[in-house]
Structure formats: C-alpha cells, structure tokens
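Novice: These protein sequence lines map, in sequence, to chains A and B.
Read in our numbering, the first sequence has 417 at position 203, and its numbers run on one by one without any break.
Read in our numbering, the second sequence has 333 at position 119, and its numbers run on one by one without any break.
Take a look at this one; I'll ask things after.
There are 2 protein chains.
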Amino acid sequence: LILLEDIKKIYGSGPTQVNALSGVNLKIREGEFMAILGPSGSGKSTLMNIIGCLDRPSEGRYLLDNIDVSGMKDDDLASIRNKKIGFVFQMFNLLPKQSALGNVMIPLLYSGVDARERKERGLQILRKMGLEGRWHHRPNELSGGECQRVAIARALINRPSIVLADEPTGNLDTRTGEEIILLFKRLNKDEGVTLIMVTHNPEIANEASRRIYVKDGKIVEDTAP
Amino acid sequence: LILLEDIKKIYGSGPTQVNALSGVNLKIREGEFMAILGPSGSGKSTLMNIIGCLDRPSEGRYLLDNIDVSGMKDDDLASIRNKKIGFVFQMFNLLPKQSALGNVMIPLLYSGVDARERKERGLQILRKMGLEGRWHHRPNELSGGECQRVAIARALINRPSIVLADEPTGNLDTRTGEEIILLFKRLNKDEGVTLIMVTHNPEIANEASRRIYVKDGKIVEDTAP
Ligand SMILES: Nc1ncnc2c1ncn2[C@@H]1O[C@H](COP(=O)(O)OP(=O)(O)OP(=O)(O)O)[C@@H](O)[C@H]1O
Ligand SMILES: Nc1ncnc2c1ncn2[C@@H]1O[C@H](COP(=O)(O)OP(=O)(O)OP(=O)(O)O)[C@@H](O)[C@H]1O
Ligand SMILES: [Mg+2]
Ligand SMILES: [Mg+2]
Numbered sequence: 215l216i217l218l219e220d221i222k223k224i225y226g227s228g229p230t231q232v233n234a235l236s237g238v239n240l241k242i243r244e245g246e247f248m249a250i251l252g253p254s255g256s257g258k259s260t261l262m263n264i265i266g267c268l269d270r271p272s273e274g275r276y277l278l279d280n281i282d283v284s285g286m287k288d289d290d291l292a293s294i295r296n297k298k299i300g301f302v303f304q305m306f307n308l309l310p311k312q313s314a315l316g317n318v319m320i321p322l323l324y325s326g327v328d329a330r331e332r333k334e335r336g337l338q339i340l341r342k343m344g345l346e347g348r349w350h351h352r353p354n355e356l357s358g359g360e361c362q363r364v365a366i367a368r369a370l371i372n373r374p375s376i377v378l379a380d381e382p383t384g385n386l387d388t389r390t391g392e393e394i395i396l397l398f399k400r401l402n403k404d405e406g407v408t409l410i411m412v413t414h415n416p417e418i419a420n421e422a423s424r425r426i427y428v429k430d431g432k433i434v435e436d437t438a439p
Numbered sequence: 215l216i217l218l219e220d221i222k223k224i225y226g227s228g229p230t231q232v233n234a235l236s237g238v239n240l241k242i243r244e245g246e247f248m249a250i251l252g253p254s255g256s257g258k259s260t261l262m263n264i265i266g267c268l269d270r271p272s273e274g275r276y277l278l279d280n281i282d283v284s285g286m287k288d289d290d291l292a293s294i295r296n297k298k299i300g301f302v303f304q305m306f307n308l309l310p311k312q313s314a315l316g317n318v319m320i321p322l323l324y325s326g327v328d329a330r331e332r333k334e335r336g337l338q339i340l341r342k343m344g345l346e347g348r349w350h351h352r353p354n355e356l357s358g359g360e361c362q363r364v365a366i367a368r369a370l371i372n373r374p375s376i377v378l379a380d381e382p383t384g385n386l387d388t389r390t391g392e393e394i395i396l397l398f399k400r401l402n403k404d405e406g407v408t409l410i411m412v413t414h415n416p417e418i419a420n421e422a423s424r425r426i427y428v429k430d431g432k433i434v435e436d437t438a439p
C-alpha cells in the first residue's frame, strides 16, 4: 500500500542545514496498525507529513497504492489525499474562525456532500467524541483536549482508508485517551483502516501490531517480521 | 501564598452558558509542588489562567501574597505576573515571527535586562533544554516537543518564585519528558520554587507533594493533609 524508498527531507542549506530525514525505507501493508516512536525532534512529524502527502520529500521515491506521488503536482496530491487519507495534526491545525462543527465538516466540502448531510454527519461524529455540547464553540473557546478531539473527528468524518495520527492523545486525560484509542483500534480491526500513529504513550504503542523507532531522521528499529 | 475563595468563571449567558469553574476554594503554600488532574474540559486550564493572573474570575476572591488581585487593573496584574510567575502554556503561545531565542528573551525585556545579557541568558537556557542547535528557528521550523521546550525555557528564564505549567510534557518523548520533570523537581526542591502543574501523566503526578482533582469546574479531591 505504502512504499518509501530512500526518502530524504532537507531544510535549508550550508551551516544551518537540517537533515530531518536522511534515507528512510519503509513498506506498510493495508490494514496494519503501526506506531512511530522516537525522541523529540527526530523526524516523526516530517515522516508523517510525507506519508500523508502534505509535504514532498527532497529526495527518494514514494509509491502510494502503486502510484508514484513523489513528484506530483499540488492539486493531484490534494485530491489523492482527500479521498484516501485522514490526518490528525500534532498541533490540531483547526481554523480559528470556524466552530467545531465548521471545522469537522471541511473534508465533506471537498467530497461534494450536500449541506444538510454535512451538518448531520458533523454533529454525529462530534457526539461520538463527547463534544455535542460544544459544536458551536470556536477553537479559542475550547479546551486543549476538546480541540484535539475536533481534529480527530475531522480526520475520520470522510471514512478514509488510511488514518495518520500525530500524537492524538497528548492533551487528553487517561480515560478520554483510552476511549479514543479504543475507537482507533475498532476502525483498524473492524473496518480494516490502515492506522499510522506517532505516539509517546507506551500504552498506545503496545496496542499497535508494529512499532518503528525513528532517531536522527532514520528508522533505527522495526518490529515487523 | 495563594488563596482562592469561591472562585467562579462563567462564559457566555443563557442557554449556551458554560460554568468553567463553579466555586473553587484552594490554598497553596510557598514551596509546594501541586499536580492538577482531571478530565478534558473540566476547567484545569481556566483555573491555571486565574492563578497565573492571566484571566480574571467572574466571581470570588483571589489573594496572591496577601494582595487582592481579583479586581486589579490589567497593568498592575501584568507587573505582578512578570515579577513572580513563570507560565508554561498548554498550546505554547510562542510568537510565530520570533526565533526560539527571541521568544525565550521576552520576559527579560519586561524586567529591564540589557541586550547582551538577554542574549547570553537566552542561549544558556536553550542549551539547558537541549535546543542550542535550534536557537535561530522560528516556531514553524521546530518540532512540537521543541516548541514545548522553548515555552518552558521562556517561563523559567526570569527565575520566577512560582511556576505554573499546563501539561508541559504532552508533546515530549518519555526520556525528554523525564529530563524536564527532573528539572522542575530540582527547581522545587533546591530553589524552593512553588510548582503548580496540570498533567495527564501519572508519573508526574506521583512526583508531586500534593494532588488535586478537578471535575466539572470543582475540586473533587485534594490530597493535602
Ligand atoms: N472562551 C470560552 N468560551 C466558552 N467556553 C469556553 C471558553 N474557554 C473554555 N471554555 C470551556 O470551558 C471548559 C473548561 O475549559 P478548560 O480549558 O479549562 O479545560 P481543561 O480542563 O484545561 O481541559 P483539557 O484537559 O482538555 O485541556 C471547556 O469545556 C471549554 O469548552
Ligand atoms: N521548516 C523547518 N526548517 C528547519 N528545520 C525544521 C523545519 N521543520 C522541522 N525542522 C527540524 O526538523 C527536525 C524534525 O522535526 P519533526 O517535527 O519531524 O520532529 P518530531 O520527531 O515530530 O518531534 P516531536 O516529537 O518534538 O514532535 C527538528 O529538529 C526540527 O527542528
Ligand atoms: Mg512531531
Ligand atoms: Mg487545558
């Protein structure tokens, strides 16, 4: 499903150059639940953004469903991404002027769903996240963990076949975090959604069927057989 | 040191009113290390913002060092805050157009330190956080955990006597997180800094000398004798 060959990501040049990724080779099969661990600054989010077609590698090849997306144009990249991938950002990336409902409905705008159904599905998924009483709040009127749950709802609303979650429970208390992990596990087990999750939480990492460790822009360990 | 009497915080009115805090009574002594736990949306950050003089209560009294700050004017509140309190925000609140060093030096601007010493102390505390190689990066050129460490450095640079940290390790891997907790513990044990920390991390909560649990805007449990 996902094939990365010798992927590099370089920021800047000269003395301030940062090799955020320096040669990553990775194969991910459909339906896997893979956890990504590693120290702060090691390149996990950079790797996630490339897998999620939100950023292009500086070098290397990326095949998604056998399509070479490495050098694709922005529009083509965006349409592949919107159809197949749900992305939960580490910093949420919510639109500040939209309500929780407005934010959650955005992926449905791209897939041509009509206004009535957008609102219905938006409220439904917010209810699933325990946020029905907050649907009208803007991000600055929500707690950190509530923002995180809006970001998760937005990623799942379009029923993507691949979900990329960058530390989805960092701002959640243990119980809310466990509910979210249960939800992700069910998506993976029952609906076959491929799940790729950056986490610092050992409990989440233990739930995954595969773990990779990133350090200094390289994969240093991989529990795949 | 800190005395909260029947503190309330109300957002909005009518059917959409949110009672973020509904009657909080709390006494904190100098030199305590108190952890604040509770579900997402329960009012922890709202409580922290009031203790940190960043927000005013809707009702109730707040005495800081025997000074009634409940109804103080913005300027007086800001000068008390800058002198006594270091605040680590849950969402970091870094200035996007400033480098890591620029962000860390800001509290020193308010306390009249000259440019050369500001830069020296800024680089020193960034080095302590393991960020010397990133001092010139802006927030959008830093990882999530690197941003979090810049926010911690900014809170500590002015050697405040009270440090309020709202989930300071949510974006850090286990090892970096443990180093930060060790740093906070040393500040509390060796320098007598009063430490008030919101956390979802049981390891941090265990290190604290006192734990309070917030639920639906009230303190439901307090381990203080
Ligand atoms: N400006 C606002 N207007 C309306 N409601 C608000 C506003 N700010 C916060 N709230 C609500 O007040 C409640 C408490 O928010 P707070 O940020 O204190 O929670 P928290 O305990 O810090 O949660 P978390 O652990 O998720 O960070 C939340 O339910 C939130 O939706
Ligand atoms: N735009 C940029 N310009 C320069 N350097 C960057 C840029 N974006 C990220 N970096 C650097 O690349 C490295 C990898 O960043 P990345 O966000 O992938 O780390 P991470 O593993 O997700 O860390 P964390 O666990 O703290 O979120 C970091 O050291 C960061 O400073
Ligand atoms: Mg990251
Ligand atoms: Mg909070």
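Backbone N, C-alpha and C define an ideal beta-carbon position, used for all residues, glycine too.
Treat the numbers as computed from the prediction; the structure is a model and nothing was measured.
1. Between His414 of chain A and the rest of its own chain, which residues show a CB-CB distance below 8 Å, the 5 nearest in sequence each way excluded?
2. Strictly below 7 Å CB to CB, what residues from chain A border Gln338 of chain B?
3. Using a threshold of 7 Å, is the CB atom of Ser259 of chain B nearer than that to any non-hydrogen atom of ligand 4?
4. Which residue from B:Arg295, B:Gly266 and B:Pro353 puts its Cα closest to that of Pro310 of chain B?
5. Is Gln362 of chain B a contact residue of ligand 3, with contact defined as CB to any heavy atom under 7 Å?
6. Can you check which of these residues, B:Thr230, B:Arg243 and B:Arg275, is closest to Glu355 of chain A by C-alpha distance?
7. Can you grab the Cα-Cα spacing for the pair Gly300 of chain B / Ala367 of chain B, in whole Å?
8. Going by DSSP in three states, Gly300 of chain A sits in which element: helix, strand or coil?
9. Taking 7 Å as the cut-off, is the beta-carbon of Ser357 of chain A closer than that to any non-hydrogen atom of ligand 4?
10. To which residues of the same chain is Asp328 of chain B closer than 7 Å at the C-beta, ignoring the five residues directly before and after it?
11. Taking Thr389 of chain A as the reference, give the member of A:Ile371, A:Gly359 and A:Ile376 with the closest Cα.
12. List, in order along the chain, the chain C residues whose C-beta lies closer than 9 Å to that of Thr437 of chain B?
13. Output the boundary residues of the alpha helix (DSSP H) element that contains Arg385 of chain B.
14. In angstroms with no decimal places, state the Cα-to-Cα distance between Leu261 of chain B and Met411 of chain B.
15. When DSSP labels each residue in this structure, what does Arg348 of chain B get in the three-state scheme?
16. For Asn385 of chain B and chain A, any beta-carbon pair shorter than 8 Å?
17. Straight-line CA distance for Glu417 of chain B to Asp404 of chain B?
18. Output needed for Ser227 of chain A: all residues of its chain with C-beta closer than 6 Å, excluding positions within five of it in sequence on either side, in chain order.
19. Examine chain B for any beta-carbon lying closer than 8 Å to the beta-carbon of Thr390 of chain A, and answer yes or no.
20. For the region 365 to 383 of chain B, which residues have a beta carbon sitting closer than 7 Å to at least one beta carbon of chain A?
21. For Arg373 of chain A, which three-state DSSP category applies?
22. Under DSSP, the beta strand (DSSP E) around Glu355 of chain B begins and ends at which residues?
23. Taking 7 Å as the cut-off, does the CB of Asp387 of chain B come closer than this to any heavy atom belonging to ligand 6?
24. Answer yes or no: does any C-beta atom of chain B fall closer than 8 Å to that of Tyr427 of chain A?
25. Using a Cβ distance threshold of 8 Å, determine whether the region 420 to 431 of chain A contacts the region 330 to 346 of chain A, with at least three qualifying pairs required.
26. Using a Cβ-Cβ cut-off of 7 Å (strictly less than) and excluding sequence neighbours within five positions of Ser375 of chain A, which residues of its own chain qualify?
27. Pull the bridge partners of Glu273 of chain A from the DSSP assignment, please.
28. Who are the neighbours of Met305 of chain A on chain B, taking C-beta pairs under 7 Å?
29. When every heavy atom of ligand 2 is checked, does at least one fall within less than 7 Å of the C-beta of Ala422 of chain A?
30. At the level of alpha carbons, what is the spacing between Ile216 of chain B and Glu392 of chain A?
31. Taking C-beta to C-beta, are Ser313 of chain B and Gly255 of chain A nearer than 8 Å?
32. Strictly under 8 Å for the Cβ-Cβ distance: is Ser284 of chain B near chain A by that measure?
33. One question on the structure: do Asn239 of chain B and Asp220 of chain B come within less than 8 Å of each other, judged by their Cβ atoms?
34. Closer than 9 Å, Cβ to Cβ, to anything on chain B: give me those residues from the region 248 to 282 of chain A, in chain order.
35. Give me, in chain order, the residues of the same chain whose beta-carbon lies closer than 6 Å to that of Arg315 of chain A; leave out the 5 immediate sequence neighbours on both sides.
Specialist: In short:
1. Excluding residues within five positions, the ones whose Cβ falls inside 8 Å are Leu251, Glu381 and Gly384.
2. Per Cβ cutoff of 7 Å: no residues; Gln338 of chain B is ~20 Å from chain A at best.
3. yes
4. B:Pro353
5. No.
6. B:Thr230
7. 10 Å
8. DSSP places Gly300 of chain A within a strand segment (E or B) once states are collapsed to three.
9. Yes, ligand 4 has a heavy atom inside 7 Å of this Cβ.
10. none
11. Reading the sequence as shown, one finds Arg at residue 389 of chain A and not Thr. The candidate whose alpha carbon is nearest that of Arg389 of chain A is A:Gly359.
12. Chain labels in this structure do not include chain C; the protein chains are A and B.
13. Per the sequence presented here, residue 385 of chain B reads as Asn, with Arg not at that position. Premise fails: Asn385 of chain B is in no alpha helix (DSSP H) and is neither H nor E.
14. 11 Å
15. helix
16. yes
17. Spanning the two alpha carbons is a distance of roughly 20 Å.
18. none
19. yes
20. Glu381
21. coil
22. It is not in any beta strand (DSSP E) - Glu355 of chain B carries neither H nor E in the DSSP assignment.
23. Ligand 6 is not part of the structure shown, which contains ligand 1, ligand 2, ligand 3 and ligand 4 as its ligands.
24. no
25. no
26. Lys298, Val407 and Thr408
27. A:Lys222
28. Gly358
29. Every heavy atom of ligand 2 is 7 Å or more from the Cβ of Ala422 of chain A, so no.
30. 34 Å
31. no
32. Taking a beta-carbon distance threshold of 8 Å, Ser284 of chain B does not count as an interface residue toward chain A.
33. yes
34. Per Cβ criterion, the list reads Leu251, Gly252, Pro253, Ser254, Gly255, Ser256, Gly257, Lys258, Ser259 and Thr260.
35. A small correction: the amino acid at residue 315 of chain A is Leu; Arg does not occupy that position in the sequence shown. Closer than 6 Å at the Cβ level, and outside the excluded window around Leu315 of chain A, lie Gly336 and Trp349.
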